[in-house]
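K.L.:
Residue numbering for the sequence shown is -11 to 295, as defined by my numbering. Please find one structure pasted underneath; my questions will follow.
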Amino acid sequence: MAVAETLRMYTVEFHAMASPCQVLLPAASEQQARALAQGAIDEVRRIEVKYSRYRDDSVVTAINRAAGGDAVVVDDETASLLHYAGQLHGISGGLFDITTGVLRKAWDFKQARMPAPGQLDALLALTGWHLVERQRTAGVNTVRLPKPGMELDFGGFGKEYAADRAAAKLLEQGVRHGYVNLGGDFHVLGPQLDGTPWRIGIQDPRHDDGTIAAIDVAGGALCTSGDYERYFDHEGKRYCHILDPRTGWPVTAWRSVSVLAPLTAAAGACATIAMLKGEDALAFLASMEVAYLAMDAAGALHRHATC
């Protein structure tokens, strides 16, 4: 790339994974910026096409469609993501479970609909990471969901994985400043051109146009999980889309948790697990040795390290 004096920062915006996204990077012209960003954008869209549960032709849909039947052959990338899901299940004490996406069928956050009597119990019977059968034989990876109606959902880490992969594409091209932002999940490639960090605002969980803090980030990843992304209020209580896999009911202990970590997949997973951990969230974050900013249900802020 050209020397820093000839560069300026450009923002390339796009839409993916049901979110507004952007790549911010240095270039000598807007045309060059778009050319540099295109590989990262293509990678995000590749991952969306491959793993979206909303697409009939995705890997996840193929696995879910075969539930109760034969095992499905998957490639090494998918097997690696399933292995990562297993690791997250372990470190979360079973709270991060990609089989629990099926619980969404009991909730309608657009129509503010509560679960019908008995609906959650029926869906909970279709969950459990321990039920997922994974094998690798003679170099071939397979996965099987033993119960009809079981589902996998990569939504808990898919966007974050895509942010890391997009950042890797940019790094391969020599980009060392700027960031990838996928719907509020940031992978920061490096500081501003003058060496100062980027200042990233953290959404106020109760005011759409407000922030609760601004965090300086020169590299690594920043992700936030909160009760304000998809939710409805009923009789003075908020019901959000982050569901406790033990009960099927929304979490209530935290309004939001933001985490700084080396990779977006790690930051996002830690933030989500903390939301699920309830009163044990801060102890979990401390054990993971990450910086964080968390707002509890009463609106009080809790910080650690550089946040």
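Ideal Cβ placement from N, Cα and C applies to all residues, glycine included. Quantities reported herein were computed from a predicted structural model and do not represent experimental measurements.
Cutting at 8 Å between CB atoms, please list the residues of its own chain near residue 172, excluding the five before and the five after it.
P.N.:
So the list reads 7, 191, 211 and 212, once near-sequence residues are dropped.
K.L.:
Run through the segment 212 to 242 for me and flag every whole beta strand (DSSP E) of 3 or more residues, listed as ranges in chain order.
P.N.:
Runs of the beta strand (DSSP E) inside the segment 212 to 242: 219 to 222 and 225 to 228.
K.L.:
Nearest-angstrom Cα distance between residue 160 and residue 39?
P.N.:
Using only the alpha carbons, I get a separation of about 24 Å.
K.L.:
How long is the line joining the alpha carbons of residue 252 and residue 168, rounded to whole angstroms?
P.N.:
Each residue's alpha carbon lies about 10 Å from the other.
K.L.:
What residue does the beta strand (DSSP E) around residue 10 start on, and which one ends it?
P.N.:
Residue 10 -> beta strand (DSSP E) spans 7 to 15.
K.L.:
Counting along the chain, where does the alpha helix (DSSP H) carrying residue 79 start and finish?
P.N.:
Its alpha helix (DSSP H) spans residues 64 to 79.
K.L.:
In the structure shown, what three-state DSSP assignment does residue 123 receive?
P.N.:
Three-state DSSP puts residue 123 in a strand.
K.L.:
Can you tell which of 110, 257 and 149 has its C-alpha closest to the C-alpha of residue 92?
P.N.:
Per the Cα distances, 110.
K.L.:
Per DSSP, residue 186 is paired with what?
P.N.:
205, per the DSSP bridge assignment.
K.L.:
Exposed or buried, residue 105, counting other C-beta atoms within 10 Å across all chains shown (16 or more means buried)?
P.N.:
Under this definition residue 105 is an exposed residue.
K.L.:
For residue -11, which three-state DSSP category applies?
P.N.:
Per-residue confidence for residue -11 stands at a pLDDT of 46, beneath the threshold of 50, marking its modelled position as unreliable; the derived number appears in the next sentence. Three-state result, residue -11: coil.
K.L.:
Can you name, in chain order, every residue of its own chain whose Cβ lies under 6 Å from the Cβ of residue 216, other than the five neighbours on each side?
P.N.:
Hits under 6 Å: 193.
K.L.:
Can you tell me the Cβ-Cβ gap for residue 139 and residue 60, rounded? I've got them flagged as a contact below 8 Å.
P.N.:
Wrong, their Cβ atoms sit about 13 Å apart, outside the cutoff.
K.L.:
Could you pull out every residue in the same chain whose Cβ sits closer than 7 Å to the Cβ of residue 142, ignoring the five residues on either side in sequence?
P.N.:
If we look at residue 142 and ignore the five residues flanking it on each side, its Cβ neighbours are 39, 48, 69 and 86.
K.L.:
Between which two residues does the beta strand (DSSP E) holding residue -3 run?
P.N.:
Here the beta strand (DSSP E) through residue -3 covers -4 to 4.
K.L.:
Measure how close the beta-carbons of residue 243 and residue 285 come, nearest whole angstrom, since I'm counting them as under 8 Å.
P.N.:
That pair is a contact at about 6 Å.
K.L.:
Would you kindly report the start and end of the unbroken beta strand (DSSP E) that includes residue 128?
P.N.:
Taken as a continuous stretch (DSSP letters only), the beta strand (DSSP E) holding residue 128 covers 128 to 132.
K.L.:
Quick check: the segment 214 to 228 against the segment 197 to 204, are there 3 or more CB pairs under 8 Å?
P.N.:
No, the segment 214 to 228 does not touch the segment 197 to 204.
K.L.:
Determine the DSSP secondary structure at residue 167, reduced to helix, strand or coil.
P.N.:
Residue state, collapsed to three classes: strand.
K.L.:
In whole angstroms, what is the alpha-carbon distance linking residue 107 and residue 83?
P.N.:
Each residue's Cα considered, the two are about 20 Å apart.
K.L.:
Measure the alpha-carbon distance for residue 292 versus residue 279 and round it to whole angstroms.
P.N.:
If I take the Cα positions, the gap works out to 5 Å.
K.L.:
For residue 164 and residue 235, what's the separation of their Cα atoms in angstroms?
P.N.:
Computed Cα separation, rounded: 44 Å.
K.L.:
Considering Cα atoms alone, identify which of 186, 151 and 144 is closest to residue 166.
P.N.:
Answer by Cα proximity: 186.
K.L.:
Could you tell me the alpha carbon to alpha carbon distance between residue 120 and residue 64, rounded to whole angstroms?
P.N.:
Answer to the nearest angstrom: the Cα atoms are 17 Å apart.
K.L.:
Checking the sheet assignment: what are the DSSP bridge partners for residue 291?
P.N.:
Per DSSP, 281.
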